[in-house]
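Counting along the sequence shown from 1, when you hit position 621 you're at 628 in our numbering, and nothing is skipped either side.
Positions of the beta carbon are idealized from the N, C-alpha and C atoms, including for glycine.
First comes the structure, then the notes that go with it.
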Amino acid sequence: MTSPSSNTNATIQPRSSEDSRMRLLYLVAREFNHSLDLTQTLHRVLIAMVRLVGAQNASVFVFDGQERLIKTVLVREGRVQESPPDSIQAVINEGLAGWVMRQRQSVLSQDVLQDERWYALPRDDDRPRHRSAICVPLLSHNELQGVLTITNAAPAYFDTGDLTLLEAIAEQAATAVRNARLHQVERRRHDVFGALIRVSEQLSSHFNEHELINELLEILIPILPHDQSGFYFWNSNHYLSLYAARNIPNYGELMALQVKLYPDDFAEPILTRYEAVYTNSLQAENSWFKDVADRQCHSWIGVPLIANQRLLGVLTIASHNADTYEAADLELLRIIANQAAVALTNARSLTLLHDAAEQYVRLFEENSDLILVITPDGNIRDVNRKTCQIFRRPKDALVGSNLILLSRNLRDVLESLRDQLNSAQEVTTEVDIKDAYGHEIPVEITAKQISYEGEVAIQWVGRDITVRRELAKMRRDFINMIVHDLRGPVGAMVNAVQMIDFLLTGPEEMFSREETGELTRLAIHSSRFVTDLIDSMLDISKHESGSFPLKVSTTSVDKLLRDAHSQVIPHASSKSITLSFADVSQDTLINLDHHLVRRVIVNLVDNAIKYTPGGGQVVVAVEWSEEHLIVHVSDNGPGIPPDKKQTIFEKFARLRETADIQGVGLGLAFCKIAVEAHQGQIWLESEINKGSTFSFSIPRTLEEQIFDDD
Ligand code: ADP
Numbered sequence: 008m009t010s011p012s013s014n015t016n017a018t019i020q021p022r023s024s025e026d027s028r029m030r031l032l033y034l035v036a037r038e039f040n041h042s043l044d045l046t047q048t049l050h051r052v053l054i055a056m057v058r059l060v061g062a063q064n065a066s067v068f069v070f071d072g073q074e075r076l077i078k079t080v081l082v083r084e085g086r087v088q089e090s091p092p093d094s095i096q097a098v099i100n101e102g103l104a105g106w107v108m109r110q111r112q113s114v115l116s117q118d119v120l121q122d123e124r125w126y127a128l129p130r131d132d133d134r135p136r137h138r139s140a141i142c143v144p145l146l147s148h149n150e151l152q153g154v155l156t157i158t159n160a161a162p163a164y165f166d167t168g169d170l171t172l173l174e175a176i177a178e179q180a181a182t183a184v185r186n187a188r189l190h191q192v193e194r195r196r197h198d199v200f201g202a203l204i205r206v207s208e209q210l211s212s213h214f215n216e217h218e219l220i221n222e223l224l225e226i227l228i229p230i231l232p233h234d235q236s237g238f239y240f241w242n243s244n245h246y247l248s249l250y251a252a253r254n255i256p257n258y259g260e261l262m263a264l265q266v267k268l269y270p271d272d273f274a275e276p277i278l279t280r281y282e283a284v285y286t287n288s289l290q291a292e293n294s295w296f297k298d299v300a301d302r303q304c305h306s307w308i309g310v311p312l313i314a315n316q317r318l319l320g321v322l323t324i325a326s327h328n329a330d331t332y333e334a335a336d337l338e339l340l341r342i343i344a345n346q347a348a349v350a351l352t353n354a355r356s357l358t359l360l361h362d363a364a365e366q367y368v369r370l371f372e373e374n375s376d377l378i379l380v381i382t383p384d385g386n387i388r389d390v391n392r393k394t395c396q397i398f399r400r401p402k403d404a405l406v407g408s409n410l411i412l413l414s415r416n417l418r419d420v421l422e423s424l425r426d427q428l429n430s431a432q433e434v435t436t437e438v439d440i441k442d443a444y445g446h447e448i449p450v451e452i453t454a455k456q457i458s459y460e461g462e463v464a465i466q467w468v469g470r471d472i473t474v475r476r477e478l479a480k481m482r483r484d485f486i487n488m489i490v491h492d493l494r495g496p497v498g499a500m501v502n503a504v505q506m507i508d509f510l511l512t513g514p515e516e517m518f519s520r521e522e523t524g525e526l527t528r529l530a531i532h533s534s535r536f537v538t539d540l541i542d543s544m545l546d547i548s549k550h551e552s553g554s555f556p557l558k559v560s561t562t563s564v565d566k567l568l569r570d571a572h573s574q575v576i577p578h579a580s581s582k583s584i585t586l587s588f589a590d591v592s593q594d595t596l597i598n599l600d601h602h603l604v605r606r607v608i609v610n611l612v613d614n615a616i617k618y619t620p621g622g623g624q625v626v627v628a629v630e631w632s633e634e635h636l637i638v639h640v641s642d643n644g645p646g647i648p649p650d651k652k653q654t655i656f657e658k659f660a661r662l663r664e665t666a667d668i669q670g671v672g673l674g675l676a677f678c679k680i681a682v683e684a685h686q687g688q689i690w691l692e693s694e695i696n697k698g699s700t701f702s703f704s705i706p707r708t709l710e711e712q713i714f715d716d717d
């Protein structure tokens with residue numbers, strides 16, 4: 008301890024007796040030895056000093072290892088002053104306490120008003136509060152722990168005895184402050200250690216990103232002093248977006264923002280160099296985070312969350328107090344952020360894994376193909392819903408049973424493919440299996456060896472190829488039918504033309520005008536049949552590709568019927584069918600596509616002739632409603648079952664009952680398309696074994712519209 012010094016000439020008037028000094032020393036020693044709470048102890052010591060030394064004001068400034076003020080304990084006019092005034096720092100910088108700090112020397116000042124080292128705080132009244140003062144440094148192990156000051160409003164109040172006493176007290180106080188600091192450091196180390204264990208336990212038990220981040224903000228509450236906290240995600244497009252927060256004003260609005268930092272934002276190193284950043288004077292910094300934190304926050308830490316060298320986000324805490332944080336806090340938050348980043352990555356990976364597993368289960372279960380996983384000797388390990396549906400057995404019943412119970416065919420396939428499957432190839436084959444109702448289902452099986460729960464297994468994916476087979480059959484049938492349908496008329500055409508050639512080029516007496524005319528008409532009829540069939544196919548395909556233009560022109564209904572009639576006569580006479588066409592006056596006109604409607608009538612009459620047994624009757628009648636022309640084509644043929652009334656107009660629809668009669672199944676489909684293109688309707692009335700009447704309507708109000716030929 009330095010020797011007492013006095014630099015005032017005022018008379019020393021000792022006020023405290025030896026006895027009270029001894030009592031004070033005893034009391035102080037007892038306080039410092041028994042109490043753990045430094046602030047409380049200092050308060051009590053100061054009050055005792057005021058009482059026993061006669062000081063009116065007493066203060067202790069406590070410093071940290073870097074001589075920064077960390078605590079102020081004040082007794083003013085005998086009473087503890089809870090909140091130190093803002094001007095304390097000025098007293099330290101410019102006043103007597105500062106001088107003592109720098110010089111590490113005690114001062115006994117008999118009249119501070121004469122002492123230029125004294126920094127007088129502005130007061131409301133003129134009466135000076137301090138005249139006499141003793142100010143001593145708190146030194147322990149050569150380190151400055153603080154400064155102890157007592158003052159009295161009377162000049163020359165203290166004597167050297169008081170100074171010695173204060174130095175003795177300061178020595179004890181210095182030791183107590185140092186011990187408290189060491190204890191605090193120790194305790195903090197212990198707290199940090201405990202906190203880190205808690206962080207790691209709590210964070211690693213969360214697999215949901217949202218819960219995890221909110222938990223992170225909760226965990227921080229007891230670990231680091233702060234009033235606000237926030238977590239921001241760093242988006243792939245290089246924006247920060249607030250994801251979770253505690254006590255941040257306008258939190259909801261901020262959540263919606265995608266933020267880029269200000270140019271030269273002091274927090275930028277978090278994003279650019281992945282460094283942790285802190286400040287104890289946030290309001291003086293250039294930063295977007297200042298806007299988030301609000302004006303009350305002075306101390307701030309921001310740390311990056313980094314996983315696999317990638318920035319995930321930024322964790323921030325902010326305190327209303329100045330000088331809250333130091334490098335150790337930054338380090339602690341960084342360690343916590345690292346743990347959180349690992350937990351976050353794990354949570355994300357787990358979510359991905361979970362989603363992938365769920366997706367796999369969905370794909371497996373909801374697949375429209377049959378999927379079976381079996382052991383190499385045919386024991387079923389897993390099946391999907393479709394397999395259960397086809398074999399009408401619950402999963403429990405199938406898993407564990409043998410493939411042979413499902414289908415002998417499958418078992419045979421397994422045997423025949425065994426060698427290929429062993430060589431880990433993917434094998435595809437077709438097999439017919441029987442469902443629970445005994446229906447055969449053609450299935451294309453793709454089998455391959457897989458690893459299932461660590462064991463070798465074979466995965467079968469079976470695709471129901473009924474439709475594909477039906478289509479293939481349809482295609483074959485269609486080609487056969489077309490060939491069939493075309494061969495007759497084309498053959499007739501060729502024959503007729505050859506005959507005409509023979510008649511024209513042969514001897515004159517062979518030539519017969521009537522015969523040649525009949526052959527010509529036969530050739531024309533046959534060629535028209537062929538072109539009509541081809542046209543129907545083209546029209547249907549045009550309709551399917553979305554373009555089916557009409558060539559609507561004014562036409563006479565009489566001409567329409569006559570054209571159709573002349574085309575169907577040879578067919579009717581070849582089957583001895585009585586054909587009667589309605590008589591229509593020549594001047595009944597209507598707007599329609601003559602070519603299309605003629606073909607509709609021809610198709611319907613041809614069908615009626617084709618499906619009505621020889622000797623039957625076919626009648627074409629015409630009816631006018633207010634808005635429509637209606638044409639009816641009736642026969643006394645086999646009739647059409649009521650449940651086929653609609654489907655008969657679909658493409659390729661044919662009745663089983665008429666399968667022996669040549670046909671492609673396109674005629675009625677064409678008729679429907681052509682009539683509907685005229686905004687009309689086509690329908691059927693029929694009675695089995697009595698006959699059928701096909702009717703169609705064409706509106707009388709169609710506008711004339713002629714399209715250029717393609
Ligand atoms: P196609 O006659 O080439 O088979 P359509 O589309 O013209 O094709 O007719 C479809 C089916 O409707 C025919 O196969 C036949 O089974 C049935 N059908 C059509 N018209 C009649 C009819 N007048 N009497 C009985 N069945 C008919």
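Residue interval of the beta strand (DSSP E) (run including residue i)
i: Y250; result: L247 to R253
i: Q152; result: E150 to N159
i: N598; result: L596 to L599
i: W690; result: Q688 to E694
i: T382; result: T382 -> no beta strand (DSSP E), and no H or E assigned at all.
i: I95; result: No beta strand (DSSP E) contains I95, which is instead part of the alpha helix (DSSP H) from I95 to E101.
i: N186; result: First-last for N186: T167 to S211, but that is the alpha helix (DSSP H), not the beta strand (DSSP E).
i: Q466; result: E462 to D471
i: K78; result: L76 to R83
i: L289; result: Counting along the chain, L289 falls outside any beta strand (DSSP E), and DSSP gives it neither H nor E.
i: Q593; result: Taken as a continuous stretch (DSSP letters only), Q593 belongs to no beta strand (DSSP E), as it is neither H nor E.
i: G646; result: First-last for G646: undefined, no H or E at that position.
i: Q88; result: R86 to Q88
DSSP bridge partner residues for residue i (one or two, in chain order)
i: C142; result: V114 and T156
i: K617; result: Answer is none; K617 lacks a bridge partner.
i: Y281; result: BP columns for Y281 are empty, so no partner.
i: K297; result: DSSP, once it has assigned bridges, lists no residue as partnering K297.
i: N64; result: T158
i: L120; result: According to DSSP, which records beta bridges pairwise, L120 is partnered with nothing at all.
i: K455; result: Q466
i: V266; result: L247
i: A637; result: In the sequence under discussion, the amino acid at residue 637 is Ile, which differs from the Ala named in the question. Paired residue(s): E630 and S704.
i: L722; result: Only positions 8 to 717 of the chain appear in this structure, which leaves residue 722 out of reach.
For residue i, the three-state DSSP class (helix, strand or coil)
i: T15; result: Annotation note: pLDDT 38 at T15 (below 50); position unreliable, coordinate value reported separately. In this structure, T15 counts as coil in the three-state DSSP scheme.
i: P21; result: Low local confidence applies: a pLDDT of 46 at P21 is under 50, so the model's placement there is unreliable, with the coordinate-based value given in what follows. Correct three-state label for P21: coil.
i: L673; result: coil
i: K582; result: coil
i: L231; result: coil
i: S243; result: coil
i: I718; result: Only positions 8 to 717 of the chain appear in this structure, which leaves residue 718 out of reach.
i: G105; result: helix
i: F238; result: strand
i: L555; result: Residue identity check: residue 555 is Phe in the sequence provided, not Leu. Coil, per DSSP.
i: S632; result: coil
i: P256; result: coil
i: D715; result: Any reading at D715 needs caution, since the residue's pLDDT is 49, under 50, leaving its predicted position unreliable; the model's value is listed next. Reduced to three states, the DSSP call for D715 is coil.
i: L312; result: strand
Closer than 6 Å: residue i CB and nearest the ligand SAH heavy atom
i: D642; result: Absence of the ligand SAH from the depicted structure is noted, with the ligand ADP being the only ligands included.
First and last residue of the uninterrupted alpha helix (DSSP H) at residue i
i: K652; result: No alpha helix (DSSP H) contains K652, which DSSP labels as neither H nor E.
i: K549; result: R520 to E551
i: I411; result: L410 to L413
Problem set entry | Sufficient close CB pairs (3 or more, under 8 Å) joining the segment 324-341 to the segment 229-244 | yes
Exercise. Taking the runs of the beta strand (DSSP E) that are 3 residues or longer, which of them lie wholly in the segment 421-449?
Worked result: Segments of the beta strand (DSSP E) lying fully in the segment 421-449: 434-441.
Problem set entry | Completely contained beta strand (DSSP E) runs for the segment 361-408, where each covers 3 or more residues | 377-381 and 387-390
Exercise. Should the segment 242-249 be regarded as contacting the segment 261-276, the criterion being three or more beta carbon pairs within less than 8 Å?
Worked result: yes
Exercise. Are the segment 373-382 and the segment 450-463 touching by the rule of at least three beta carbon pairs closer than 8 Å?
Worked result: yes
For this session: Evaluate the contact criterion for the segment 578-593 versus the segment 609-624: three or more CB pairs, one atom per stretch, below 8 Å.
Result: yes
For this session: Spell out a yes or no on whether the segment 91-102 and the segment 177-184 are touching, meaning 3 or more CB-CB pairs, one atom from each, closer than 8 Å.
Result: no
Problem set entry | contact_flag[the segment 55-73, the segment 208-223] where n(CB pairs < 8 Å) is 3 or more | no
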